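These protein sequence lines are chains X and E, in that order.
Position 164, counted from 1, in the first sequence is what UniProt numbering calls 164; the numbers after and before it change by one each time, with no gaps.
Position 681, counted from 1, in the second sequence is what UniProt numbering calls 681; the numbers after and before it change by one each time, with no gaps.
From the three backbone atoms N, C-alpha and C, an ideal C-beta is built for every residue, glycine too.
Predicted, not measured: the structure shown is a model, and the values here were computed from it.
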Amino acid sequence: MTRLVVVGNGMAGSRLVNEVRARDKDMKVTVFGAEDWQPYNRVLLSNVVAGTMLPDQVRLLDPSWYADHGVTAMPGVAVTAIDREAQAVVTADGGREPYDVLVLATGSEAVVPPVPGAERAVTFRTLDDCQAILEAAATARGAVVVGGGLLGIEAARGLAGRGLPVTLLHLAGHLMERQLDAEAGLVLQETLTELGVRIRTGVVVEEIEEHGVRLAGGETVDGDLVVLACGVRPVTALARDAGLEVARGIVVDAEMRTDDPSIFAIGECAEHEGMVYGLVAPAWEQAAVVADLVTGADKTARYRGSRLVTRLKAKSVELAAMGETHVDEDADRSTEVVRFSHRARGTYRKLVIRDGRLVGAILLGETAAVGTLTQLFDRGAPVPGDRAGLLFPGLSGTPVADSPVRMPDAAKVCQCNNVTKGQIRACWESGARDVEAVAAATRATTGCGGCRDAVEGIVGWLCEQEGVSA
Amino acid sequence: MKPLESTIGRMPLSLPVAAPVKAPVATHCPYCALQCGMNVAAGADAGTGTVAITPRQDIPANAGGLCQKGWTAGELLTGGARLTTPLLHGEPVGWDEALDFVADRIRALQAEHGPDGVAVFGGGGLTNEKAYLLGKFARVALRTSQIDYNGRFCMSSAAAASNRAFGMDRGLPFPITDLAAADAVLLAGGNMAETMPPFVRHLTAMRDRGGRLIVIDPRLTATARLADLHLQPTPGTDLALALGLLHLVVAEGRVDEDYVAARTNGFAAVATSVAAWWPERVERITGVPVAQMRLAVEILADASRAAILTGRGAEQHAKGTDTVTAFINLALALGLPGRPGSGYGCVTGQGNGQGGREHGQKADQLPGYRKIDDPAARAHVARVWGIDPDEIPGPGRSAYELLDALGTAGGPRALLLFGSNPVVSAPRSGHVTERLKGLDLLVVSDLVMSETAALADVVLPTTQWAEEEGTMTNLEGRVLLRRRAVAAPEGVRSDLEVLRGLAVRLAGPDADGSRGAAGFPTDPREVFEELRRASAGGTADYAGITYERIAAETGVFWPCPAEDHPGTPRPFLDGFATPDGRARFVPVEHRPPGEDVDADYPLYLTTGRVLAHYQSGAQTRRIAALNAVVSETFVEIHPDLAERLEVSPGQRLRVVSRRGETEGAARVNPAIRADTVFMPFHWIGANVLTNPELDPVSRMPEFKVCAVRVERVG
């Protein structure tokens, strides 16, 4: 019987275990997790900071799941080495667990910038971090969030929502510079400012002091809670020490296999075709591929890379960004950019289209189009000729029913009984002067009853016309 | 019990009635599960002359309304398309000759292939009496396990989900009039403005009071246009959407904790499972913006009375049972089922879709909604039938599996079909047609020469709604009385007479005993009396219902175990029909449709109905006024897709799936998603394309989504 060992019980590792069990009830599965918690949904940690969810509610598997499914879980047990020769992992307490197939799902860790006082700050990465942030927030008079990427913004928004004065510091010239162009960054900044987040861009943090952050140039930003959201790096030490090929992440092929055929890597620790993905969707796709392969459910399963869609999860801030958003139309004449900007309303929409396909988009503010755009982007489907309809879904919608007065005679007024305005007019001409009389003659209004106002309107208008012409 | 008053007002209406007529008879519409009350007044020369129809004011479901189908239903009685003589291989024959032939062939085929060599297929439009006697005929006269019915294609997913959550499947476990008093209604995959227009009066009344309507549909249907919020998901993703909505209910602290603790089991596992369905993930799968999901949850959670309803759009999938379960989980988390004025309900489709699924024409079921593999149920029913419990066969094949097995090695060699038209209505209908042609004997009982009857060795002309008596159970679980208003044409017999005629012939020497004449009454009342006894003590208990009570009370809600019992309009108020009285949360997971789009078949096809037609169209396509509205199938296509394919309105299109191809005229309409085309299924066509992959629990085929490509013809 195949022995599967999984190192890492986060979103990728727990998903893999789940997917394997769904395909194979018997395989011996052991999973190690560095954290004491049951696997939880990292995507929802912003909700925990914002206070809309309790730590208990972001669990991915119930505690009883492992026993119910015959999986050996070792929470809080760190794996310190891989003995590739003997095909076993070695744990911090000196234990050894043999494997036939090993999957590394070690994830990533928060980057802590090398500035003095960094140890006074809290990173924002794990459920433990959330607990620490919440504890500090309970007594803090102000907070400083360092890093204006996705996580930093979500943390800042969440803390501001708790009524805490928050300052967000960002090194680059505008927020979320990897996903957004400068104008979108600016519109986002204005939206967040209105929600009570003070924002400083283009600033360099020199030191984290006891009651604030000192910037280059000597200025101090006050705040007794400092949250670091300066990005993450893949956790690769275990793989590197074992001699596996590691670039930025653990290098894998289309089967998510490392250069040791019995070892796979998935999730944020893995590097596939030069890409290290920091989002959940790719990790889960990778988990499904590995589950297919190791159980034999589908030996042809391959991972082909993922298209990235970033959705900010912050109350009252609607933001979606996908694909290529930094495109210089002058430099790249084959690319079409469609843009609508209305800063006063916090709205910014941008489409990047190449060869009739959507290759990038930003939607900020009203996001009614987000579903359509995401699916066009995901599927690489051709975009319609009317680009404006994509940015403004209402425009291509069905026109609102015109006033009964201006309807043509052929227009159907009563769908349920197939009665046109012309028939109602004819009925009126033969003497019907109210809805009941029209209903008796034509059956209009007798089905769902929804056209009653329209029939009333037509009859009233005809009567009025009569009065005018008389 | 006093009849329930309409909460939505009566229609100020007095329509002219064609004279001369006999006194009008109060009965119900022949079509859908709303079973609108109508008065039918026959002309003096009944059967051939005029028939005048007016809406009844005393039936809450329609509250005085009728749609065009109802108004014109009289044409069914007077039109020229009616079959009036049995046909044997296409030639008119007498009844004895026809029934002798059928009985002889059944005997010969069963001698060769065993009892299961003969199968029976019923319909959700049959009265309770017919459905009951058909199930009995299969088990007692034919001794075959091979019986199922077209309701498998309708409500089976919702039925399975309700049974596992509540221990009972009664479409709406509350009177329809409760909807008018709700603050919010979520409708997943239903288009009542076209399928049962007077239903909309209840929704309109709700909205007039300030209540809000949410509609989930891949199309901006006539019903979705009435909604305060329309969620327009990718076909086949309703399950993900329901999981996303429940995720938000949990994430935003809107779970009704007291209700969940007091009245349900299993919430923790469901709460954990939906943690993986955060809204942004669901948005990417469904195409429904997160903001719209949040708004939907807010509307539902803010309502003090709310209902969640599902229709075929959510149910007719290979994961239909789980999709309905996800919506039930949502309803339970919000504390709706079993609360006055709130709840979850399935909007049943076929005229007697509710009653038809209760009394034993389903492969795994015995009367009273009993399970055929339950020894106590078998003993009870065998006692009523006067046979040994061991003589009742076990469960048979489900509808599509049955049709798929016809004429194959090990499959039935003969099929007796009542009230159904699978050549039009079955999934992968081209294949099903081939299977029907592969039979040694096909017998069809119908009013008109349907597409399936046209293939039959023997066609038996049967009576219809206003020519017969019987009971129908509407979408509320209210048992109604269908009354005779006109005489049937000469030469036509009721299905009850057909069943007795065959049973007597098959019973041989025992022709007068329980397997023969005595066991197969032809008077519907007599059959109903037996049905009452057979259903007594079952889930769908009709023991206390009589024709007289139905007439006096304008309908009686089951369960009604005794004549002095008032009936049960809201069965879950005090507890659910589970062993511990608690509703069960069941964790479910989304998965993609059985067939997703790809390079060769890049578009989704979804199917549905138009207002002017009912089901396979066998009736409505023969009514001039309805045919004038829509006379042939069409392909609804979004302007963006039309532009890409260079299709102009009216252009003839060929729609191709892995199972076949069909044609229709283009209707260019922004009401549909640009990645989806829609076809109505009232003609041979749409179902040539549909995917017969089955739901593992309900055995429902995946009618509502498959992959197609669209080409211009010429």
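Cβ neighbour criterion (16 or more within 10 Å) applied to residue i
i, result
"residue 54 of chain X", "exposed"
"residue 265 of chain X", "buried"
"residue 355 of chain X", "exposed"
"residue 310 of chain X", "buried"
"residue 46 of chain E", "Because residue 46 of chain E sits at a pLDDT of 44, beneath the cut-off of 50, its placement in the model cannot be relied upon, and the following sentence gives the value as read from the coordinates. By the 10 Å Cβ count, residue 46 of chain E comes out buried."
"residue 238 of chain E", "buried"
"residue 356 of chain E", "buried"
Span separating the alpha-carbon of residue i from that of residue j
i, j, result
"residue 9 of chain X", "residue 342 of chain E", "41 Å"
"residue 24 of chain E", "residue 30 of chain E", "16 Å"
"residue 670 of chain E", "residue 224 of chain E", "13 Å"
"residue 696 of chain E", "residue 319 of chain E", "8 Å"
"residue 573 of chain E", "residue 302 of chain E", "21 Å"
"residue 107 of chain X", "residue 151 of chain E", "50 Å"
"residue 213 of chain X", "residue 598 of chain E", "53 Å"
"residue 399 of chain X", "residue 428 of chain X", "Low per-residue confidence applies at residue 399 of chain X: pLDDT is 49, beneath 50, and the placement is therefore not dependable enough to give any value."
"residue 315 of chain X", "residue 425 of chain E", "47 Å"
"residue 85 of chain X", "residue 60 of chain X", "34 Å"
"residue 334 of chain X", "residue 327 of chain X", "11 Å"
"residue 122 of chain E", "residue 369 of chain E", "16 Å"
"residue 73 of chain X", "residue 606 of chain E", "44 Å"
"residue 658 of chain E", "residue 688 of chain E", "10 Å"
"residue 596 of chain E", "residue 485 of chain E", "50 Å"
"residue 451 of chain X", "residue 215 of chain E", "20 Å"
"residue 645 of chain E", "residue 600 of chain E", "15 Å"
"residue 78 of chain X", "residue 294 of chain E", "39 Å"
"residue 416 of chain E", "residue 562 of chain E", "35 Å"
Collapsed DSSP secondary structure at residue i in the structure displayed
i, result
"residue 236 of chain X", "coil"
"residue 430 of chain X", "coil"
"residue 256 of chain X", "coil"
"residue 55 of chain E", "strand"
"residue 41 of chain X", "coil"
"residue 92 of chain E", "strand"
"residue 288 of chain E", "coil"
"residue 703 of chain E", "coil"
"residue 269 of chain X", "helix"
"residue 370 of chain X", "helix"
"residue 675 of chain E", "coil"
"residue 453 of chain X", "helix"
"residue 132 of chain E", "helix"
"residue 87 of chain X", "coil"
"residue 222 of chain X", "strand"
"residue 230 of chain X", "coil"
Beta-ladder partner(s) of residue i, from DSSP
i, result
"residue 342 of chain X", "X:347"
"residue 264 of chain E", "E:583"
"residue 435 of chain X", "Paired residue(s): none; residue 435 of chain X is not in a bridge."
"residue 32 of chain X", "X:7, X:74"
"residue 421 of chain X", "Paired residues: none, contrary to the question."
"residue 346 of chain E", "E:310"
Hey, is the stretch 446-456 of chain X in contact with the stretch 184-200 of chain E, meaning 3+ C-beta pairs nearer than 8 Å?
Under the three-pair Cβ rule at 8 Å, the stretch 446-456 of chain X counts as touching the stretch 184-200 of chain E.
State whether the stretch 464-480 of chain E contacts the stretch 632-649 of chain E, with contact taken as three or more CB pairs (one from each stretch) at a distance under 8 Å.
The stretch 464-480 of chain E is not in contact with the stretch 632-649 of chain E.
Counting pairs of beta carbons, one from the stretch 180-191 of chain E and one from the stretch 299-317 of chain E, are three or more of them closer than 8 Å?
yes
Counting Cβ pairs closer than 8 Å, one from the stretch 370-384 of chain X and one from the stretch 339-357 of chain X, do we hit at least three?
yes
Three or more C-beta pairs below 8 Å linking the stretch 249-261 of chain E and the stretch 697-711 of chain E
Between the stretch 249-261 of chain E and the stretch 697-711 of chain E, the count of Cβ pairs shorter than 8 Å is below three; the stretches do not touch.
Contact between the stretch 120-137 of chain E and the stretch 332-339 of chain E is defined here as three or more beta-carbon pairs at a separation below 8 Å; is this criterion met?
As far as the Cβ criterion goes, the stretch 120-137 of chain E does not touch the stretch 332-339 of chain E, which means the pair count is below three.
Across the stretch 576-586 of chain E and the stretch 675-689 of chain E, are there enough close Cβ pairs to call them in contact, namely three or more that are closer than 8 Å?
The count of Cβ pairs closer than 8 Å, one atom from the stretch 576-586 of chain E and one from the stretch 675-689 of chain E, stays below three, leaving the stretches out of contact.
Are at least three pairs of beta-carbons, each pair with one atom in the stretch 126-140 of chain X and one in the stretch 229-244 of chain X, less than 8 Å apart?
no
Please confirm if the stretch 15-22 of chain X is in contact with the stretch 44-52 of chain X, defined as three or more CB-CB distances below 8 Å between the two stretches.
no
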